[in-house]
Amino acid sequence: MNETERGILQLSSQGYKMEDIANKLCKSLDTIKSAKRRLFLKMNVSNIQEAVASAEYYDLL
Numbered sequence: 095m096n097e098t099e100r101g102i103l104q105l106s107s108q109g110y111k112m113e114d115i116a117n118k119l120c121k122s123l124d125t126i127k128s129a130k131r132r133l134f135l136k137m138n139v140s141n142i143q144e145a146v147a148s149a150e151y152y153d154l155l
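In my numbering, the protein residues as written are 95 to 155.
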């Protein structure tokens with residue numbers, strides 16, 4: 095998991111929306127959306143709630 099993907103998980107777990115995450119990480123919204131899709135594939139999940147739950151379960155956050 096790269097730094098952007100970890101940031102997406104951390105900020106999503108705190109309730110941030112994708113636009114806010116892009117601003118906080120100084121990335122474009124398209125970059126965040128692309129990283130989120132890669133993250134879902136890596137984690138074998140279909141949405142951000144599953145990704146956050148899985149990350150918390152495996153102590154990745």
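A virtual CB, placed ideally from N, CA and C, is assigned to each residue, including glycine.
DSSP three-state assignment for residue i, whether helix, strand or coil
{"i": "G109", "result": "coil"}
{"i": "L103", "result": "helix"}
{"i": "N96", "result": "coil"}
For residue i, the first and last residue of its enclosing alpha helix (DSSP H)
{"i": "M137", "result": "123-137"}
{"i": "Y151", "result": "142-151"}
8 Å Cβ cutoff met for residue i and residue j
{"i": "L103", "j": "V146", "result": "yes"}
{"i": "A116", "j": "S122", "result": "yes"}
>> With three or more beta-carbon pairs closer than 8 Å as the criterion, would you say the segment 131-143 touches the segment 99-116?
In response: yes
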